[in-house]
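Enquirer: Under the numbering used here, the first residue of the sequence shown is numbered 372, with each subsequent residue one higher. The structure is given below, and queries will be raised subsequently.
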Amino acid sequence: SPSPSPSPSPAPSPSPTPPPPPSPSPSPSPSPPPSPSPSPSPSPSPSPGPSPSPSPSPPVEFVSVCSEMSAYATQASEQDVSDGSVDIDSGDLEMFVEYSEEQIVAVQFPDFDIPSGATVSSAKLSFTVEDAIDSSTVVADIYAQKSLAPSTLGEATNDVSNRLSSATSPIAWTLPSASSGTTVDSTDISTIVSDVLGMSNRGNVYTRPTFVMKRKSGSGNRQYYSGQYSVETGVLLTVEYCEQVAVPCDPTKAGCTEQCSVINSNARATSEERAGSVSDSSSDLEFFSDGGEQTIAIQFPTMNIPSSAIVKTATMTLQVDESTWGGVGAKMHAQLASNPAALSETSQDVSSRYSSTTQHAHLHGFGTLSRTTVGAMITLSNFSPLMQELVSSTTTSSQVYPTFLLQRASGDGKRTFESSGITMSINYCTYENVPSPSPSPS
372 SPSPSPSPSP
382 APSPSPTPPP
392 PPSPSPSPSP
402 SPPPSPSPSP
412 SPSPSPSPGP
422 SPSPSPSPPV
432 EFVSVCSEMS
442 AYATQASEQD
452 VSDGSVDIDS
462 GDLEMFVEYS
472 EEQIVAVQFP
482 DFDIPSGATV
492 SSAKLSFTVE
502 DAIDSSTVVA
512 DIYAQKSLAP
522 STLGEATNDV
532 SNRLSSATSP
542 IAWTLPSASS
552 GTTVDSTDIS
562 TIVSDVLGMS
572 NRGNVYTRPT
582 FVMKRKSGSG
592 NRQYYSGQYS
602 VETGVLLTVE
612 YCEQVAVPCD
622 PTKAGCTEQC
632 SVINSNARAT
642 SEERAGSVSD
652 SSSDLEFFSD
662 GGEQTIAIQF
672 PTMNIPSSAI
682 VKTATMTLQV
692 DESTWGGVGA
702 KMHAQLASNP
712 AALSETSQDV
722 SSRYSSTTQH
732 AHLHGFGTLS
742 RTTVGAMITL
752 SNFSPLMQEL
762 VSSTTTSSQV
772 YPTFLLQRAS
782 GDGKRTFESS
792 GITMSINYCT
802 YENVPSPSPS
812 PS
């Protein structure tokens, strides 16, 4: 048999063709190093020069402006040393024996408006002798109650002596022997008044000045009016004080000029208000009663006083119209509105000027109104602090219609003045640095 044909050998599987090697990436040409940006040439710093000196503040100097205030006592009391009982109704003050009993005495006054920081240059108590009962020597110790607001005098047991627990050191006064009706002044008591005024947080008011007097030595006795029945013969407190007011320069030194002027002015209008009803046509002004208690307004023409001026004195002069009676102490306000309305008979035209919307100066007592003969001229004591406040409150050199409001501060008496012919006199000064003349060139 034929041989089988041999099976053909399978063809060998072709070997897989290897993938071609990756083409090498061409090496990037090296970038040339960046050229460094040229640094900006620093601006040359200016050489530090000397720092400019601040403008010097104008030098400040001070001048002294003084004023005097006085008021009658509103109360007086006597305390029996043996049992502490107190009498505040007596018409006289025995210093210091009554009905063979030793006693101590207290007197109290209405508020005094004395600015914080003021210096008291003098102070005294004045008494009117009722009877010359004894000429033997008697020396008193006078104390001021050191309190921001002393309580009013009362009849509680030991009311007078209890006040010594908060009192200043005493000042000794030898009580002179004098005839009936004579006025006698105490020794100067400015140191004890200053002690009270120097209390912290006092503000600008010396509230109810209160003094206690007791025997220091001697066996004598004196009798004075208490003012219980006639304030004008009661005890009077007088205080003179001075304020240091800033000015641009010292007038006592070279290069500083002081220019002083006096303005005299007649009142342009007056009015009286009683229970809201106002009269501006009366020929006289009753201080402060005319069928009822009343308030007085006096208005002057516009004045031209620089707001930087220092008011040295301010006084008002009135002419007595009728014989009057009793003691009268007055207090005074100035209306601080920039343009006060003219006085009118509108209801409450005077009292409305006290409101906070029109503003007013702090209460300023100007002392007592003397009782004198018909036709006489009296000058109210210096009220320069009040006028200074009015002048300084303006932003210009013009005080439009200066308006003053007057009312009772103490006493139960009455004064009547002509409504015409009221004058006011203001003495003020201004201060200015005068530069030294430049030297002439050689």
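The beta-carbon is built from N, C-alpha and C at its ideal position, and this holds for glycine as well. Owing to the predicted nature of the structure, the values given are computational and were not obtained by experimental measurement.
1) Would you tell me roughly how many angstroms separate the C-alpha atoms of Glu760 and Phe483, rounded to the nearest one?
2) Which whole-angstrom value is the C-beta distance of Ile667 and Gln770, which I expect to be below 8 angstroms?
3) Since Pro711 and Thr774 are thought to touch, with beta carbons under 8 angstroms apart, how far apart are those beta carbons, to the nearest angstrom?
4) With a Cβ-Cβ cutoff of 9 angstroms, do Ser532 and Val500 count as a contact?
5) Can you say whether Gly698 is buried or exposed, counting buried as having 16 or more other CB atoms within 10 angstroms of its CB?
6) From the DSSP output, in three-state form, read off Ser402 for me.
7) Can you name the start and end residues of the alpha helix (DSSP H) that Ser632 belongs to?
8) Let's see if you can read the secondary structure: which residues bound the beta strand (DSSP E) around Val616?
9) Are the CB atoms of Arg436 and Ser448 nearer to each other than 9 angstroms?
10) Could you pull the start and end residues of the beta strand (DSSP E) that Asp463 belongs to?
11) Tell me the DSSP bridge mates of Ser493?
12) Just checking my contact of Cys620 with Asn804 at CB under 8 angstroms: how many whole Å lie between their CB atoms?
13) List the DSSP bridge partners of Ser588.
14) Nearest to Val602 by alpha carbon, out of Ser764, Glu789, Ala444, Ser768?
15) So what's Glu760 in DSSP terms, helix, strand or just coil?
16) Write down the C-beta distance between Thr766 and Ser678 rounded to the nearest angstrom, noting that I regard them as a contact closer than 8 angstroms.
17) Can you give the Cα-Cα distance for Gln479 and Val721, rounded to whole angstroms?
18) How is Trp544 classed by DSSP in three states: helix, strand or coil?
19) Under 6 angstroms Cβ to Cβ from Gln670, same chain only, skipping five residues before and after it: list those, please.
20) Round the Cβ separation of Leu524 and Ile459 to the nearest angstrom and send it over; I've been treating them as touching at under 8 angstroms.
21) Looking at Leu757: is its Cβ nearer than 9 angstroms to the Cβ of Ala705?
22) Could you tell me the boundaries of the alpha helix (DSSP H) in which Thr562 lies?
23) Between the region 536-543 and the region 463-480, can you find at least three pairs of beta-carbon atoms closer than 8 angstroms?
24) Enumerate in chain order the residues of its own chain whose CB-to-CB distance from Ile681 is below 8 angstroms, with the five nearest sequence positions on each side excluded.
25) Buried or exposed for Pro393, please, with buried defined as at least 16 other CB atoms from any protein chain shown within 10 angstroms of its CB.
26) Where does Tyr820 fall in DSSP's three states?
27) Which word fits Met570, buried or exposed, when buried means at least 16 other C-beta atoms lie within 10 angstroms of its C-beta?
28) So, are the CB atoms of Met687 and Leu751 less than 9 angstroms apart?
29) Counting only runs that start and end within the region 764-811, where is the beta strand (DSSP E) found for 3 or more residues in a row?
30) Is the Cβ-Cβ distance between Glu629 and Ser438 less than 9 angstroms?
31) Using CA coordinates, which residue listed in Ser487, Arg579, Ser551 is at the minimum distance from Ala515?
32) Expressed to the nearest angstrom, what Euclidean distance is found between the alpha-carbon atoms of Leu568 and Ser557?
33) Going by alpha carbons, who is nearest to Phe467 out of Gly574, Glu644, Val510, Ser755?
34) With distance defined between alpha-carbon atoms, name the residue in Ser461, Gly455, Asp454 nearest to Tyr595.
35) Do Asp505 and Arg593 have their beta-carbon atoms positioned less than 9 angstroms apart in this structure?
Expert: Short version:
1) 17 angstroms
2) That belief does not hold up - the Cβ atoms of Ile667 and Gln770 are roughly 20 angstroms apart, past 8 angstroms.
3) Yes, they are in contact, since the Cβ atoms of Pro711 and Thr774 sit about 5 angstroms apart, within 8 angstroms.
4) no
5) buried
6) Any reading at Ser402 must be qualified, since the residue scores a pLDDT of 49, below 50, and its modelled position is unreliable; no value is offered.
7) Taken as a continuous stretch (DSSP letters only), Ser632 belongs to no alpha helix (DSSP H), being part of the beta strand (DSSP E) at 627-637.
8) 607-618
9) According to the sequence as given, residue 436 is Val; it is not Arg. Cβ atoms of Val436 and Ser448: not closer than 9 angstroms.
10) 463-466
11) Bridge partners of Ser493 according to DSSP: Glu611.
12) 5 angstroms
13) Val510
14) Ala444
15) helix
16) 6 angstroms
17) 30 angstroms
18) strand
19) Arg639, Ala640, Leu714, Tyr772, Thr774
20) 6 angstroms
21) In this structure, Ala705 lies closer than 9 angstroms to Leu757 by Cβ.
22) 561-568
23) No, the region 463-480 does not touch the region 536-543.
24) Val434, Val436, Val616, Val618, Gln759, Tyr799, Cys800, Thr801, Tyr802
25) For Pro393, the pLDDT reaches just 48, beneath the cut-off of 50, and the residue's location in the model is therefore unreliable, leaving the point undetermined.
26) Nothing can be reported for residue 820: it is not among the residues displayed for the chain, which extend from 372 to 813.
27) Met570 should be labelled exposed.
28) yes
29) Runs found: 774-781, 786-789, 794-804.
30) no
31) Arg579
32) Taking the straight line joining both Cα atoms gives about 19 angstroms.
33) Val510
34) Ser461
35) yes
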